[in-house]
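Q:
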Amino acid sequence: PRLERLKEAMGVLQHHDAVSGTAKQHVTNDYSERLSQGVTESFQMVVEAYSKLNAVEGGDEGPLEATAMPVFCPLLNVSSCPLTEASEAFTVTTYNPLARPRSFPVRVPVPSGAGYKVTDDQGHAIVSQLVPVPDAVLRVPGRNSTATLELVFLAEDIPPLGFLQFHVQKTANLPFQKEQMSQIFRPQRGL
Amino acid sequence: KDIEVNLGNQGLAVSLDKDTGLLKSIGVVRPDGITMIKVNQTYMWYAGMSGNNSQEEFRASGAYIFRPDGAHAQPVAAAANVTIVQGPLVAEIHQEWTPWVSQVIRAYKEELTLEMEWLVGPIPVKDGIGKEIVSRVIWPDISTNGTFYTDANGREMLKRVKNYRPTWQLHNAEPVAGNYYPVNSRLVVSGGPDFQAALMNDRSQGGTSLDDGHMELMLHRRLLHDDAFGVGEPLNETAFGEGLVARGKLYLLHSDFANDDCDFGCLHRSLGEKVMLEPVISFTPTTKPAHAWR
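So the sequences go chain by chain: A and B. Residue numbering for the first sequence follows the working numbering, beginning at 1 and increasing consecutively. Residue numbering for the second sequence follows the working numbering, beginning at 192 and increasing consecutively.
1) By how many angstroms is the C-alpha of B/Y442 removed from the C-alpha of A/N96?
2) Between B/I320 and chain A, is there a C-beta pair that is closer than 8 angstroms?
3) What residue ranges within the segment 446 to 479 of chain B form continuous alpha helix (DSSP H) runs of no fewer than 4 residues, ordered along the chain?
4) Just checking: is the beta-carbon of B/E195 within a distance shorter than 8 angstroms of some beta-carbon in chain A?
5) So with CB distances below 9 angstroms, who are the chain B contacts of A/A89?
6) I'd like to know if B/Y299 contacts chain A, where contact means its C-beta is closer than 8 angstroms to some C-beta of that chain.
7) Comparing C-alpha positions only, which one of B/L207, B/G319, B/G463, B/D210 sits nearest to B/E347?
8) Residue range of the beta strand (DSSP E) that A/F90 falls in?
9) Using a beta-carbon distance below 8 angstroms, is B/A254 in contact with chain A?
10) Counting only beta-carbon atoms, is A/D135 nearer than 8 angstroms to chain B?
11) Between the alpha carbons of B/I228 and B/F455, how many angstroms are there, rounded?
12) Please confirm whether A/P159 has its beta-carbon closer than 8 angstroms to some beta-carbon of chain B.
13) Would you say B/R438 faces chain A, with C-beta separation under 8 angstroms as the test?
14) Along the segment 419 to 439 of chain B, what residues have a CB closer than 7 angstroms to any CB found in chain A?
15) On the CB-based measure, 16 or more other CB atoms within 10 Å of its CB, does B/S490 come out buried or exposed?
16) Helix, strand or coil, according to DSSP, for A/D250 in the structure here?
17) Taking the alpha helix (DSSP H) that A/V137 belongs to, which residues open and close that run?
18) Determine the chain B residues that contact A/H15 at a beta-carbon separation under 9 angstroms, and present them in chain order.
19) Taking only the alpha-carbon atoms, compute the straight-line gap between A/P101 and A/D157 and give it to the nearest angstrom.
20) May I ask you to report which of helix, strand or coil DSSP gives B/S400?
21) Taking Cβ positions only, does B/G278 come closer than 8 angstroms to chain A?
22) Judging by CA-CA distance, which residue of A/N173, A/F104, A/V108, A/H167 is the nearest neighbour of A/D120?
23) What residue ranges within the segment 251 to 284 of chain B form continuous beta strand (DSSP E) runs of no fewer than 3 residues, ordered along the chain?
24) Does chain A have any CB closer than 8 angstroms to the CB of B/L443?
25) Report the rounded CA-to-CA distance for B/G369 versus B/H362, giving the unit in angstroms.
26) Note the first and the last residue of the continuous alpha helix (DSSP H) segment covering B/K229.
27) What's the call for A/K170, buried or exposed, on a 16-neighbour Cβ count within 10 Å?
28) Starting from A/K178, follow the beta strand (DSSP E) in both directions and report where the run begins and ends.
29) On the DSSP letters alone, give me the boundaries of the beta strand (DSSP E) that B/T335 sits inside.
30) Taking C-beta pairs closer than 8 angstroms, name the residues in chain B that A/K52 reaches, listed in chain order.
31) How close, in whole Å, do the beta carbons of B/V267 and B/M235 come, if the pair is a contact with beta carbons under 8 angstroms?
32) May I ask you to report which of helix, strand or coil DSSP gives A/Q44?
33) Could you give the DSSP three-state label for A/G58: helix, strand or coil?
34) Are the C-beta of B/I324 and some C-beta of chain A separated by less than 8 angstroms?
35) Quick one: is A/G38 near chain D, going by C-beta distance under 8 angstroms?
36) Going along the chain, which residues of the segment 75 to 107 of chain A sit with their C-beta nearer than 8 angstroms to a C-beta in chain B?
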């Protein structure tokens, strides 16, 4: 029934007004609300699927950290994700829907003032880079986030229809943080 | 000299005009050197036609109708403030034309795709003029004979010729809107066997090529008049009491980025699939250190 919610929403949104935005504002808002509810409920199914996979992986230990459930951050496009901004440590799961391997630069919103160690599921340290969030994004009305940086690292060769997981650990180690921070230049025009 | 940004010896190099901070050329960094290709990109806006729709000539630009007032777009600003961010994985150029138009040009290490993440809004309308914002890429030395190609749902590429329709004699009363077409995933221009370029989007937009070597996509609109096609209100979305802010990505590809393993068609087809089916990212809090988690 939860997947039905998304199917119904996408069915209703086949209408040309929904596809092209030629509807009154309150109708457009209603379309957005239906889609948002449908996506949210279908994501709950994804979470259950992950916990089953983890349960399998956990073997006799049972699901790894059964209490901790995956969270999706739909505002990554304005560098906002409460979980990654507040956690000392978290795991990142990247699922590849393509039927062939692909690499993908993962961008995680984080607050400044720390470094972030990224480890893959083989225990290897992953090269990562801290990139400042553009001022214009920080100013977006309605953006409610403490993130001023994005932690960038490469999810290399995510298996087809499969996923890779990474562990991210916040660290106060200054030399590490300096090493991780991008170089920033503000050239004055005309010079 | 111009401001040159590249990622060491892999991927793309980008140069900006030192006086305007705008894109000036891009090139592929190869072991035997870099061949830079001239290309400009900036943001323009069309004034939306206002009117009471009482007669054809008073038809307003609105939700159904794209009808710019005048045949020429104006630049949002002549120059952009620039911040350059450099690191081992990604080089970024943060450009800001005005507080409501900015973008990040990105080149990832070993990736031969120029990513342009745009941010538009709230579009100011205190001057009483509705505005339709476009991103315009210009390849200055290329002649494309008023021809460009747009896709139909990411599959068939349709040939478009300026001020022309293949099935009837067109008398184009709308020099701009009459040359705008739906772009579901890519707009391609070709200047002969050695030059092809693709501008790819992450959502369907209107697009055109109004001059040789031009590629233009409409990103965001805010209009003040209804166009009398049934909506009964202007396309004037407000959020938090201001105009809506939109953010998205465009990707620029050039045939020079192709190689023996992947020709130009392969480049934009595989990028199109990657853009449409991006990885799903989720985060899980953990109390375990990396080795225990592993």
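Ideal Cβ placement from N, Cα and C applies to all residues, glycine included.
A: If we stick to the structure as given:
1) In the first sequence, the residue the question calls residue 96 of chain A occupies position 96. In the second sequence, the residue the question calls residue 442 of chain B occupies position 251. If I take the Cα positions, the gap works out to 20 angstroms.
2) Start at 1 with the first residue of the second sequence, and residue 320 of chain B comes out as number 129. So, not an interface residue.
3) 455 to 467
4) What you label residue 195 of chain B is simply residue 4 of the second sequence in a count that begins at 1. By this cut-off, B/E195 is not an interface position.
5) Counted from its first residue, the first sequence places residue 89 of chain A at position 89. Residues of chain B passing the Cβ test: P476, T477, T478, K479, P480, A481, W484.
6) Position 108 of the second sequence, counting from 1, holds the residue named residue 299 of chain B. So, interface residue.
7) Residue mapping note: residue 347 of chain B aligns to position 156 of the second sequence, counting from 1. Minimum Cα distance to B/E347 is reached at B/G463.
8) Locating residue 90 of chain A in the first sequence gives position 90, where the first residue counts as 1. 89 to 96 is the span of the beta strand (DSSP E), which, as asked, contains A/F90.
9) Taking the second sequence and counting its residues from 1, one reaches residue 254 of chain B at position 63. Taking Cβ atoms only, chain A reaches closer than 8 angstroms to B/A254, which makes this a yes.
10) As a first step, residue 135 of chain A must be located in the first sequence, where it is residue number 135. Yes - at least one Cβ of chain B is within 8 angstroms of the one on A/D135.
11) Here residue 228 of chain B is taken as the residue at index 37 of the second sequence, counted from 1. Here residue 455 of chain B is taken as the residue at index 264 of the second sequence, counted from 1. Near 16 angstroms, if we compare the C-alpha coordinates of B/F455 and B/I228.
12) On the first sequence, position 159 is the one that residue 159 of chain A refers to. Not one chain B Cβ lies under 8 angstroms of A/P159.
13) Numbered from its first residue, the second sequence carries residue 438 of chain B at position 247. Chain A contact via Cβ: present.
14) Among the residues of the segment 419 to 439 of chain B, those with a Cβ less than 7 angstroms away from any Cβ of chain A are V422, G423, E424, E428, A430, F431, E433, V436, R438, in the order of the chain.
15) With chain B covering 192 to 485 only, the question about residue 490 of chain B has no answer from this structure.
16) The question about residue 250 of chain A has no answer, for chain A in this structure spans 1 to 191.
17) Position 137 of the first sequence, counted from the first residue, corresponds to residue 137 of chain A. Going by DSSP, A/V137 is part of the alpha helix (DSSP H) stretching over 135 to 138.
18) Stepping through the first sequence from its first residue, residue 15 of chain A is reached at position 15. By Cβ distance, chain B contributes nothing, its closest Cβ being about 13 angstroms from A/H15, past 9 angstroms.
19) Along the first sequence, one-based indexing puts residue 101 of chain A at 101. Along the first sequence, one-based indexing puts residue 157 of chain A at 157. Approximately 5 angstroms between the Cα atoms of the pair.
20) For this step, residue 400 of chain B is matched to residue 209 along the second sequence. Coil, per DSSP.
21) Walking along the second sequence from the start, residue 278 of chain B turns up at place 87. Yes, its Cβ sits closer than 8 angstroms to a Cβ of chain A.
22) By one-based count along the first sequence, residue 120 of chain A stands at place 120. Cα-wise, what sits closest to A/D120 is A/H167.
23) 272 to 277
24) If you number the second sequence from 1, residue 443 of chain B lands on position 252. It does not; no Cβ of chain A falls within 8 angstroms.
25) Mapped onto the second sequence, residue 369 of chain B falls at position 178. Mapped onto the second sequence, residue 362 of chain B falls at position 171. Straight-line Cα distance between these residues: approximately 10 angstroms.
26) As a working note, residue 229 of chain B is residue 38 in the second sequence. Element bounds for B/K229: not the alpha helix (DSSP H) but the beta strand (DSSP E), 224 to 229.
27) Within the first sequence, residue 170 of chain A is the residue found at index 170, counting from 1. Buried.
28) Counted from its first residue, the first sequence places residue 178 of chain A at position 178. No beta strand (DSSP E) contains A/K178, which is instead part of the alpha helix (DSSP H) from 174 to 180.
29) On the second sequence, residue 335 of chain B is found 144 positions in, with the first residue counted as 1. B/T335 -> no beta strand (DSSP E), and no H or E assigned at all.
30) As a working mapping, residue 52 of chain A is identified with position 52 in the first sequence. Those within 8 angstroms of A/K52 in chain B number zero; the least Cβ separation is about 14 angstroms.
31) Position 76 of the second sequence, counted from the first residue, corresponds to residue 267 of chain B. Position 44 of the second sequence, counted from the first residue, corresponds to residue 235 of chain B. Confirmed, about 7 angstroms.
32) Here the question's residue 44 of chain A lines up with position 44 in the first sequence. If DSSP states are grouped into helix, strand and coil, A/Q44 belongs with the helices.
33) If you number the first sequence from 1, residue 58 of chain A lands on position 58. Low confidence applies here, because A/G58 scores a pLDDT of 46, under 50, leaving its location unreliable; read the following figure in that light. A/G58 falls in the helix class under three-state DSSP.
34) Walking along the second sequence from the start, residue 324 of chain B turns up at place 133. Output row for B/I324: interface = no.
35) Considering every chain present, this structure includes no chain D. Its protein chains are A and B.
36) L76, N77, V78, C81, L83, T84, S87, A89, F90, T91, V92, T93, T94, Y95, N96, P97, L98, R102, F104, P105, V106
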